[in-house]
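Take the sequence shown: its letter number 185 is residue 278 in the working numbering, and every next letter is one higher. No residue lacks a Cβ here, since even glycine has one placed at the ideal position from N, Cα and C. Given the structure is predicted, the values throughout are model-derived calculations rather than measurements. As structure tokens, the structure follows; a few thoughts come after it.
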Amino acid sequence: MNILMRKRITKALLLILLVFAIGTIGFHFLLDGLTFIDSLYLTVVTLATVGYGDFSPHTNMPLGGNPYIIKFFAIFIILFGMSALLYGIGVMTEYIVSGEILRERRKKRMQKLISALDGHYIICGGGETSVYMMQELEKTARSFVLIEKSEERIQELLEKFENLLYVKGDATHDEIIQQAGLDKSVGVIAALPDEKDNLFVTMSLSQKKKDSGNQFKIGAIVTHLEKMAPKLRSAGADYVISPEHISSRRMVSEMFRPTVTSFLDRMLKDDRAVMRFEEVTVAPGSAVAGKTLKDSRIPGKTGLVIVAVRKGGAGEFIYNPGAEQKIEEGDVLIAMGAINKINALRKLSQGK
Numbered sequence: 094m095n096i097l098m099r100k101r102i103t104k105a106l107l108l109i110l111l112v113f114a115i116g117t118i119g120f121h122f123l124l125d126g127l128t129f130i131d132s133l134y135l136t137v138v139t140l141a142t143v144g145y146g147d148f149s150p151h152t153n154m155p156l157g158g159n160p161y162i163i164k165f166f167a168i169f170i171i172l173f174g175m176s177a178l179l180y181g182i183g184v185m186t187e188y189i190v191s192g193e194i195l196r197e198r199r200k201k202r203m204q205k206l207i208s209a210l211d212g213h214y215i216i217c218g219g220g221e222t223s224v225y226m227m228q229e230l231e232k233t234a235r236s237f238v239l240i241e242k243s244e245e246r247i248q249e250l251l252e253k254f255e256n257l258l259y260v261k262g263d264a265t266h267d268e269i270i271q272q273a274g275l276d277k278s279v280g281v282i283a284a285l286p287d288e289k290d291n292l293f294v295t296m297s298l299s300q301k302k303k304d305s306g307n308q309f310k311i312g313a314i315v316t317h318l319e320k321m322a323p324k325l326r327s328a329g330a331d332y333v334i335s336p337e338h339i340s341s342r343r344m345v346s347e348m349f350r351p352t353v354t355s356f357l358d359r360m361l362k363d364d365r366a367v368m369r370f371e372e373v374t375v376a377p378g379s380a381v382a383g384k385t386l387k388d389s390r391i392p393g394k395t396g397l398v399i400v401a402v403r404k405g406g407a408g409e410f411i412y413n414p415g416a417e418q419k420i421e422e423g424d425v426l427i428a429m430g431a432i433n434k435i436n437a438l439r440k441l442s443q444g445k
């Protein structure tokens with residue numbers, strides 16, 4: 094709620110309270126023997142215009158009093174009170190309607206921004222696991238869209254991610270996935286709290302992938318790895334991850350290889366870290382395709398260290414490749430370096 098609207102609502106409430114205060118005090122002094130409770134009741138009856146019923150200003154008028162004063166006061170309360178009530182209703186109506194309009198405008202603006210994306214990621218579910226994924230995507234300058242059905246959760250996440258792009262809705266519904274820009278995405282992660290929902294989303298995405306010919310990757314988060322992983326992979330998931338499984342392996346690594354684990358952890362997660370492990374696919378027609386690492390001059394042009402090469406993107410890893418290692422279309426280069434240098438390698442590996 095903006096400050097102006099808050100002031101107007103406060104003003105309306107104060108006016109209504111003022112009407113009740115004036116009416117209660119006025120009737121108490123104008124009518125003999127009337128208590129404050131009776132005076133408040135009479136004020137409410139006057140404003141409600143339902144009739145005085147069991148008592149009226151005339152029958153309860155003080156001895157020697159002027160009945161016209163009572164009547165004019167009642168008229169004043171009715172006119173002033175109804176004006177205050179109508180003003181309050183108007184302000185509240187404006188607040189409700191304008192809120193709906195703003196939400197509709199925000200939704201259209203959000204959809205326009207999502208439609209402009211290309212090569213982004215879609216995260217289904219706004220749980221804590223998704224928060225860490227979004228933080229990593231944000232650090233590595235990758236675009237993403239969140240699908241979350243809880244308005245309350247969306248508001249919480251907007252406090253952490255100011256420029257968050259999101260679609261409010263159920264990720265198990267096909268139209269919601271489409272609104273997140275599925276056709277131009279490169280990856281979808283099913284991270285819903287219910288594993289059955291993740292399975293359903295994976296199956297639906299897999300079918301859409303076959304029908305459309307799009308090559309987006311499908312990832313799924315599970316709790317029971319041994320039970321659900323085979324089902325998810327059969328359903329079409331490219332990657333199945335269990336946070337519990339990873340955390341267990343991480344704990345063992347901390348015990349056995351603390352320095353190595355700390356080094357990798359800082360590189361991958363520390364906000365202050367400038368180094369990253371990244372992978373870059375060599376596109377057809379790339380300037381480096383068909384050349385050796387030496388001839389491609391990748392280290393000289395980008396300042397990166399090529400840690401490994403995966404032939405064809407799915408073959409064996411060639412670790413610490415030599416200068417005569419040939420780079421071919423479809424190879425995946427695993428490099429270590431700063432993000433801006435990684436982006437330079439991406440441009441170098443793009444097709445002409």
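With respect to the 8 Å criterion, G116 and I162 are not classified as neighbours on the basis of their beta carbons.
In the DSSP assignment, E288 falls within the unbroken alpha helix (DSSP H) covering 288-305.
DSSP lists Y214, K310 as the bridge partner or partners of G280.
DSSP places L239 in the strand class (E or B) of the three-state scheme.
Distance between I207 and E288, taken at the CA atoms: about 27 Å. For a cut-off of 8 Å, the C-beta gap from G119 to F166 is around 5 Å, short enough to register as a contact. Remark: C-beta atoms of K310 and G329 do not approach each other more closely than 8 Å.
Three or more Cβ pairs drawn from the region 398-408 and the region 424-434 lie within less than 8 Å of each other, which places the two stretches in contact. If you draw a straight line from the Cα of M185 to the Cα of E245, it comes to about 22 Å.
By the Cβ test, the region 259-278 is in contact with the region 213-224, since at least three Cβ pairs between them sit closer than 8 Å. Secondary structure at R369: strand, using DSSP grouped into helix, strand and coil. Every alpha helix (DSSP H) stretch that sits fully inside the region 371-443 and reaches 4 residues is listed by chain position as 386-389, 391-395, 432-442. Approximately 5 Å separates the beta-carbon atoms of L210 and S236; this is inside 8 Å, confirming the contact.
Around the beta-carbon of Q271, fewer than 16 other beta-carbon atoms lie within 10 Å, marking it exposed.
In the three-state reduction of the DSSP assignment, V333 falls in the strand class, which pools E and B.
Between G181 and A105, the CB-CB gap stays under 8 Å. Exclusion of the five residues before and after A313 leaves A283, N291, T295, L325, A330, V333 as the residues of its chain whose Cβ lies within less than 6 Å of its Cβ. About 6 Å separates the beta carbons of N307 and D276, which is inside the 8 Å limit, making them a contact pair.
A direct Cα-Cα distance of roughly 25 Å separates E252 from S278.
Between S379 and G423, the C-beta spacing is not below 8 Å.
Across the set S346, L179, G383, L318, the C-alpha of L318 shows the shortest separation from the C-alpha of H338. Looking at the backbone, the Cα of K434 and that of S299 are separated by about 34 Å. The residues T117, H121, in chain order, have a CB closer than 7 Å to that of F129 in the same chain once the five nearest residues on each side in sequence are set aside. Taken through DSSP and simplified to helix, strand or coil, V315 comes out as coil.
Looking only at P377, N436, A437, the smallest Cα-Cα distance to E421 is reached by P377.
Under DSSP, Y259 takes part in a beta bridge, and its partners are L239.
Under the three-state reduction of DSSP, F254 is assigned to coil, being neither helix nor strand. Within a 10 Å sphere around the beta-carbon of G280 sit 16 or more other beta-carbons, which makes this residue buried. DSSP places G219 in the coil class of the three-state scheme, outside both helix and strand. In the DSSP assignment, A141 falls within the unbroken alpha helix (DSSP H) covering 129-141. An exposed status is given to T352, since fewer than 16 other beta-carbon atoms sit within 10 Å of its beta-carbon. In the structure shown, T233 falls within a coil segment according to DSSP collapsed to helix, strand and coil. When DSSP states are grouped into helix, strand and coil, L123 belongs to the helix group.
Excluding its 5 nearest sequence neighbours in each direction, N436 has no C-beta neighbour in its own chain below 6 Å.
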